[in-house]
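Novice: Residue numbers (the numbering used here): 213 to 467. Sharing a structure, written as structure tokens. Questions coming.
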């Protein structure tokens, strides 16, 4: 499976401009890619005041992304502000030529910035499949909570769509590697670049770790996209040789 990672400098509250950026990247990776991964809140930036958002935007974004998926024969995943049943969520959408195929509402909202005051948390994470690959999508702050990545489906790929700040980027590196080792799977973290209206600086540093925790790819802030091929057979051979996940126990700790 070939993955494309787009380190967007997301334009603030401007979905049309951000969609044009995605269109430009799609034209460069046309015919070469199975899955394009975008950063967190790729349509608007990390908006912490939902009064600034228009629910119409999400429908336009999903429609436009679907059109791109049809034109370029790929699947696209990333998070957007999502309005449903009278509430806002930070939702990782996965879209292909058929439209929206999977939604994941961010479980761990970033309370230090007040994300929990504007958005409602999700309740669980679920997998989706691309050919023979089982994929678990998660969002930014979820990375700090490993239990969310522990799934009985034993996903082959964890993808994290993020707005991870420069001041804590060393945590990003370490935690992505840890999730790969724990789950014996590929882990892909896609972060944005630039500075947003909240004053947060984002250094990119999108990366891919393999099922052993080895770093396969790391992007500096000057590179806006990259491609990587994932090897399914090598991962499954490694899991068979060292079946650590068979010994994982799902239990409660009581005091």
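Glycine included, each C-beta is placed from N, C-alpha and C at the ideal position.
1) On the three-state DSSP scale, how would you describe residue 437?
2) With distances taken from CA atoms, which of 360, 266, 342 and 253 is nearest residue 304?
3) For residue 383, name the three-state secondary structure that DSSP assigns.
4) Is it true that the stretch 421-434 meets the stretch 385-401, where meeting means three or more beta-carbon pairs spaced less than 8 Å apart?
5) Closer than 8 Å is the cut-off here; do at least three beta carbon pairs connect the stretch 348-356 with the stretch 366-377?
6) Nearest to residue 353 by alpha carbon, out of 387, 339, 343 and 364?
7) Roughly how many angstroms separate the alpha carbons of residue 236 and residue 364, rounded to a whole number?
8) Mind the definition here: the stretch 242-249 touches the stretch 276-286 only if three or more C-beta pairs lie below 8 Å; say whether that holds.
9) Counting along the chain, where does the beta strand (DSSP E) carrying residue 451 start and finish?
10) Look at residue 280 and residue 257 and say whether their C-beta atoms are less than 8 Å apart.
11) Assess contact between the stretch 258-266 and the stretch 330-340, defined as three or more Cβ pairs (one per stretch) separated by less than 8 Å. Is contact present?
12) On the criterion of 16 or more Cβ atoms from any shown chain inside 10 Å, does residue 219 qualify as buried, or is it exposed?
13) Kindly list the residues whose CB is nearer than 6 Å to the CB of residue 320, restricted to its own chain and excluding five residues on each side of it in sequence; keep chain order.
Specialist: So, from the data block:
1) For the purposes of this step, residue 437 is taken as the residue at position 225 of the chain shown. Here residue 437 sits in strand by DSSP.
2) Residue 304 sits at position 92 when you count from the first residue of the chain shown. Cα-wise, what sits closest to residue 304 is 253.
3) Counting from one through the chain shown, the residue named residue 383 turns up at place 171. The answer is helix: DSSP assigns residue 383 an H, G or I state.
4) yes
5) yes
6) Position 141 of the chain shown, counted from the start, is the residue given in the question as residue 353. Comparing Cα positions, the closest option is 387.
7) Taking the chain shown and counting its residues from 1, the one referred to as residue 236 is at position 24. Taking the chain shown and counting its residues from 1, the one referred to as residue 364 is at position 152. Going from the Cα of residue 236 to the Cα of residue 364 covers about 38 Å.
8) yes
9) Counting from 1 along the chain shown, the entry for residue 451 is found at position 239. Element bounds for residue 451: not the beta strand (DSSP E) but the alpha helix (DSSP H), 444-453.
10) By one-based count along the chain shown, residue 280 stands at place 68. By one-based count along the chain shown, residue 257 stands at place 45. Going by C-beta atoms, residue 280 is not nearer than 8 Å to residue 257.
11) yes
12) Numbered from its first residue, the chain shown carries residue 219 at position 7. Per the 10 Å Cβ criterion, buried.
13) Within the chain shown, numbered from 1, the residue matching residue 320 stands at position 108. Correct list, in chain order: 353, 354 and 357.
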